[in-house]
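S.K.: Residue numbers (the working numbering): 159 to 1393.
We put the beta carbon where it would ideally sit given N, CA and C, even for glycine.
Predicted model, so just to flag it, every value in this text is computed and none were measured.
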């Protein structure tokens, strides 16, 4: 040992060959040998040999010697072998073996001796020294940091990632040597996004190496902030996990920094960031209440930034604060007074927004103060202290009295109390206090006995409607809606002229919220039994005869608005009734729920008509926790009375009658031809009247309907009522079975689609522009927001069997229709309305399935079981129940869905099926295996003639959008894009040109003159994308590889030439715009990837290169003519593309010259002047008078010219570029004087 330590003093430049064998045989001498060798000036070959010997013994080196070995390896690295050495070191360095497994750690912690503690300390310090060695190497050698990043980035399996990867990323971020911080962020984001670095690895790193990681806490915090602020929703949860583990594993200083950082995120106002930070804070309060209570004062600071928070975020904030202030831990009690002060201040405000905040906050505090505190299994739950109970009741009374004067505030109070009862376990005393007067108050305010005579003056005669009770007795009850609404309007008018009264106003606004509270109280008290209030399901309403809707044009404005209010309140009552009773199992109750669904769908058609005749109307509020509860903020998307709508065929519908037009309906009639009979005119008027009564869409009015609970979707498990289940008298054959009608199925599926799109679609976080007002898209999803995306996905998977049954029913319906009508969907016996409903069902079902399977959460390891369960439902429909692998499940699911391709009723439905197939195919490990089938199906849809139920061809904006996406799916999945484009452009479009004006291509009926632009745009975009994907040429390529690439470019250039020449026939501005835009992009790709290939291939494949350049020159000449055309017509949308395109054309000229020079043919290159021509190649005569100065300015913007025998003769015909055997490049002599 002493001799080895003396070796550096000898100064010998040679080393004993036996040193390597000594390293391998005697690991005790590793440290002194490496110390000695590191001081010697060794040759690179010898150093490599020694390093290899050291690397081979790395697994056998003792833990305390490992830091020295790692340091030697990293300091002996050269630039050329840095990646290889670092990659090998990363593979062999097993830090996981430096710590005991968790089970052994736990057993040792119970009986920990001084010796065990010393071993653990030694292991920790050794790991710290190893990381210090890596940190030192990274800091002083740029190649080392780059090699580590490259080594970590090259790992392509999640199982191959190790603890050392995360630790090195933290080191690179903390040192920031050679700008490695940005690289560490990039690699970590990329790995998290692709699922290669998962939360399990992060948890393992924190658990085993928390002492070491404490030194890198600033970097961990910065990376967590970066991930949480990322617009990519896939990486945000990982950042949250870093925060959570930092709080649980590190000391109080780090905990304080974590809480401070999360509070900063909440105050940022960015939606996704705020949600995640609040969720993390709530989670920390649940897991570590005593530690979090110490930092309550930090969290309280968020109260100053509540203006930027949504109602759901405010709920979470007050839930968090009330848990801290009123929880079992007394450390947070110092913020109780501040909380009470804030709540009282908000409740006393006259500004609706702040009153809303006060109500939400107060109810959340009641939830925390009045929560049931379990004490254990043996010990009985402790009753609430009397003082706490007194405070809870006082707070409830304060909120009630503050909200009595405002119906909107009272309704919000009822809704918030209902949410509290649903989501929390309250102390029995508090529960009883809330429920004690609810039933009596509801009966007093909203219910009347049937025997009682209805008196009073109302705008419309009062009638009992929608009674489902079989026996009509005088003892029944009814909802007193019409008198209540009339009284409320009169009270509102009186209050405008009088001082505000202090007594409570009973408003119909509170009807649905109050009933929701009543229902949930009953459920809690009677363990789900609603027998005491089940009469409300079938009881009638006091409203008016709905035939008044037919006479809407003859009503005054106030009467129209009263009628619309009445319809909104009735629909919302039925929606809340369905929420309450949808889970009942009795057949009678299920039949009543189904009837109420039918009532809603019918009333919605009446409401559409009423709204069409009531311009400027603002409906009553139904969701009271959003900004839209201020009625003045509502603006319909399209004013119903003033804008003509389009139906699915693209025909404009007539304007809905407004007040000004209702008196003279003849103004709306289109002029009829003179030779038409009076009877025909009358029939046309009737048709137009019917068209007018179709009303307006309720899409922009959704925020004014009560939210349906997820449980309502369980009604989808009922069968579908179709004609096959009806007898000759249209009565159902099976009376006891509850069946859904098509209209009710559409209603439920539309609601389900909105829910899954809201919950399961991950959209990037968008920061709000400074001056732009925020539109809250979460209005109408208050209850949904309180459930996690995982819960929603699980609910959808539970409903998948029912959805598949409905999908098969729709398939069978259209299959029967096709067989009865000899293969067409618009036969003489077709019921147009029924077919439209069934078509909507079909499309909605496919959209719901696609949105469900597109959920990004399925890619997480914990949700793999749920994905397999979902795919298993589809696979079972085809193969029966069996144990299958994920790949087999994807295969069978794909085959099952493929069967529906034969019965698509519309192109948009066909598109939904294609998208669903693409989504399902990506869930397996080999998506490319399904591309051929997807492309084949898409091609079949494109080759199909699509007609509506009325027999007209499908057309219009929506049809074109669907066609655009379907064509892209076809070209994305087809084997050879270039051949597919050649087929369409070279065969199908000529068929269209040969057809008459209104006809389509016989082979592809979707291709006609109206849809040409769609085809043209997609083909140009896909051709440009395919050109970019052609591999770049290399000098080392052999002749075969060059020939293959040259052949590909020949095909691409030929396709491009055909597409550019189509502009001569289809010369509309949109087509020119597409050609100029994608023409430049294709030209740039050719310059970047194609011209280097011509450089290398010119001598070997001269003929092919000549042919390619000839064809491409014709295309560039046409592009030049388009530039001149757009400038003459002074069309800015076209001229915007000209400068960049002209630049690329000029670059092309000189790039061809460079190629010829490289191949010793520069003398064959000539430059001429291009003349300005129009799209058909005719010379623009007005340009001949221009001066020669202009000619000289643009002489470089064209391809070369050849001197030929007829050079002096000027010809207007387009001659192709000629490259003769010697490589001469030629072009006609034409002039260009454009700028």
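#1: With DSSP as the reference, identify every bridge partner of residue 606, one or two as the case may be.
#2: Quick check: what's the CA-CA separation for residue 700 versus residue 636?
#3: Hey, quick one: how far does the alpha helix (DSSP H) through residue 752 stretch, first residue to last?
#4: Return yes when the Cβ of residue 1309 is within less than 7 Å of the Cβ of residue 1249, no when it is not.
#5: Alpha carbon to alpha carbon, what distance is there between residue 1079 and residue 408?
#6: Out of 776, 581, 1170 and 1235, point me to the one whose CA is closest to residue 1150's CA.
#7: Taking 7 Å as the threshold (C-beta atoms), are residue 1008 and residue 1073 in contact?
#8: Grab me the residues of residue 324's own chain with a C-beta within less than 6 Å of its C-beta, minus the 5 sequence neighbours each way, in chain order.
#9: With DSSP as the reference, label residue 908 as helix, strand or coil.
#10: Quick one: give me the first and last residue of the alpha helix (DSSP H) that residue 975 is part of.
#11: Taking all protein chains shown into account, decide if residue 1214 is buried (16 or more other Cβ within 10 angstroms of its Cβ) or exposed.
#12: So is residue 404 buried or exposed if we call it buried at 16+ other beta carbons inside 10 Å?
#13: Under the three-state reduction of DSSP, which class applies to residue 1286: helix, strand or coil?
#14: Of all the options 720, 288 and 380, which has the alpha carbon lying nearest to the alpha carbon of residue 226?
#15: Is residue 432 near residue 443, with beta carbons less than 7 Å apart?
#16: I want to know whether the segment 995 to 1013 touches the segment 1087 to 1099 - three or more CB-CB distances under 8 Å.
#17: Any idea which residues DSSP pairs residue 1331 with across the strands?
#18: Under DSSP, the alpha helix (DSSP H) around residue 579 begins and ends at which residues?
#19: Closer than 7 Å by C-beta to residue 1161: which residues in its own chain qualify, once you throw out the five before and the five after it? Chain order, please.
#20: Quick check on the DSSP output: the alpha helix (DSSP H) that includes residue 527 runs from which residue to which?
#21: Can you give the Cα-Cα distance for residue 294 and residue 330, rounded to whole angstroms?
#22: If we call anything under 7 Å between Cβ atoms a contact, is residue 522 one with residue 492?
#23: For residue 1071, count the other beta carbons within 10 Å of its own beta carbon; 16 or more makes it buried, fewer makes it exposed. Which is it?
#24: Would you call the CB atoms of residue 439 and residue 452 closer than 7 Å?
#25: Taking the straight line between their C-alpha atoms, what separation do you get for residue 354 and residue 245?
#26: Tell me where the alpha helix (DSSP H) around residue 1310 begins and ends.
#27: Is residue 1223 buried or exposed, if buried means 16 or more other CB atoms sit within 10 Å of its CB?
#28: Apart from the five residues just before and just after residue 665, which ones in its own chain have a Cβ nearer than 6 Å to its Cβ?
#29: Is the segment 1267 to 1276 touching the segment 1199 to 1212, taking contact as three or more C-beta pairs under 8 Å?
#30: DSSP state of residue 1105, grouped into three classes?
#31: Is it a yes or a no for the segment 394 to 401 touching the segment 310 to 317, going by three-plus beta-carbon pairs under 8 Å?
#32: Using only alpha-carbon positions, find the residue among 357, 1284, 721 and 759 that is nearest to residue 905.
#33: Here's the rule I'm using: 16 or more other beta-carbon atoms within 10 Å means buried, otherwise exposed. How should residue 702 be labelled?
#34: Between which two residues does the alpha helix (DSSP H) holding residue 1022 run?
#35: Going by Cα to Cα distance, which pick from 467, 543, 470 and 519 is closest to residue 481?
#36: To the nearest angstrom, how far is the alpha carbon of residue 958 from that of residue 513?
M.R.: This is what the structure gives:
#1: 636
#2: 7 Å
#3: 745 to 770
#4: yes
#5: 44 Å
#6: 1170
#7: yes
#8: 363
#9: helix
#10: 947 to 978
#11: buried
#12: buried
#13: helix
#14: 288
#15: no
#16: no
#17: 1337
#18: 565 to 581
#19: 1101, 1146 and 1149
#20: 510 to 527
#21: 11 Å
#22: no
#23: buried
#24: no
#25: 17 Å
#26: 1296 to 1316
#27: exposed
#28: 565 and 646
#29: yes
#30: strand
#31: no
#32: 759
#33: buried
#34: 1022 to 1037
#35: 519
#36: 42 Å
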